[in-house]
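Those letters in the sequence shown? Residues 6 to 209, by the numbering used here. A virtual CB, placed ideally from N, CA and C, is assigned to each residue, including glycine. Notes follow the structure.
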Amino acid sequence: MKYDYDAGFTPERPEERELAGALDRFSAECMEHGGDAGGPYLTNQDGVEQAGREVAAAVTALLARADHIGDAADMIPLALEQLREMDGSPAYWAEDDSWGIISVDSAGPWAGMPFFRGRKFGVNFEYDIESREIEVYAYTPTASTRKFWTAEWRRQYKSGIHAGNGYVCSGCDMWNNRPSWFCPSCGKAMTPEAWAELEKRVRG
């Protein structure tokens with residue numbers, strides 16, 4: 006199964022084509038959604054695009070679970086040749102239990118070198134995959150997909166004159182002025198309704 010943000014994964018079987026359509030439809034809706042009363046509210050265009058990409062990655066993880074992805078011991082880490090073709094794609098670092106995005110510059114001193122970028126515990130990170138000998142996978146090697154793709158909104162200030170002023174994502178510390186269905190920064194589902202929507206879309 007091959008995945009690309011612009012085209013979805015390349016389907017080879019009828020059931021894969023059906024799931025690919027569900028993924029692409031949901032990703033497109035998320036990117037174009039303006040925030041009506043009946044759906045997720047996203048604060049800006051950049052956030053909409055990022056959330057759409059991350060939601061697409063979340064659905065891909067669900068598809069991976071449906072496609073009987075096994076334990077890490079049964080999986081083969083992505084090769085450098087594969088990683089060089091995955092700029093902008095999600096990957097999972099099993100040793101650190103972290104999701105990130107593959108970044109590959111097309112020019113300059115780092116051209117063609119894959120980096121693993123992400124955010125954890127409120128801190129951004131960017132690692133040279135080759136020099137650090139990091140082994141990353143296209144999908145999480147566990148069945149606990151929901152743990153990786155859900156978070157919750159927390160009040161930024163619990164007391165004082167600013168109490169109740171906005172919300173912060175528990176997954177990436179992104180601030181938002183109101184609780185939306187999905188985080189505009191990391192794209193995680195923030196409510197039971199959002200997670201249910203993901204699962205419904207995957208089922209078609």
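Isoleucine 107 and tryptophan 98 have their C-alpha atoms some 11 Å from each other. A distance below 6 Å between beta-carbons, with the five flanking residues on each side excluded, links arginine 183 to no residue of its chain.
Within the same chain, and ignoring the five residues on either side of cysteine 174 in sequence, the residues whose Cβ sits closer than 6 Å to its Cβ are Ala156, Cys188. Of the other Cβ atoms in all chains shown, fewer than 16 fall within 10 Å of the Cβ of glutamate 100; this residue is therefore exposed. Within the same chain, and ignoring the five residues on either side of glycine 176 in sequence, the residues whose Cβ sits closer than 6 Å to its Cβ are Ala156, Cys191, Lys193. Comparing C-alpha distances from leucine 85 to each of Glu140, Phe126, Glu131, Lys125 shows the shortest one belongs to Glu140. Excluding the 5 residues flanking it on each side, tyrosine 172 has same chain C-beta neighbours closer than 8 Å at Trp158, Arg159, Arg160, Gln161, Trp180, Asn181, Asn182, Arg183, Pro184, in chain order.
Contact check for glycine 123 against glycine 105 passes: the beta carbons are separated by less than 8 Å. When the beta-carbon positions are compared, serine 103 and lysine 125 come within less than 8 Å of each other. Take the alpha-carbon of alanine 201 and the one of proline 95: they are about 22 Å apart. Tyrosine 142 has its alpha-carbon roughly 16 Å from the corresponding atom of glutamate 131. Annotated three-state conformation of tryptophan 200 is helix, per DSSP.
Closest in C-alpha terms to methionine 91, from the list Asn129, Met195, Phe121, Ile81, comes Phe121. At a Cβ-Cβ threshold of 8 Å, isoleucine 134 and proline 114 do not count as neighbours.
Shortest Cα-Cα distance from glutamate 138 to any of Ala199, Met195, Glu198, Leu88 involves Leu88. Residue environment for proline 197: exposed (fewer than 16 other C-beta atoms within 10 angstroms of its C-beta).
In the three-state DSSP reduction, glutamate 131 falls in the strand class (E or B). Measuring C-alpha to C-alpha distances from glycine 127 to each of Ile81, Trp186, Asp178 identifies Asp178 as the nearest. Straight across, the Cα-Cα distance linking methionine 195 with proline 82 is about 30 Å. Residue state for serine 136 is assigned as helix, using DSSP reduced to three classes.
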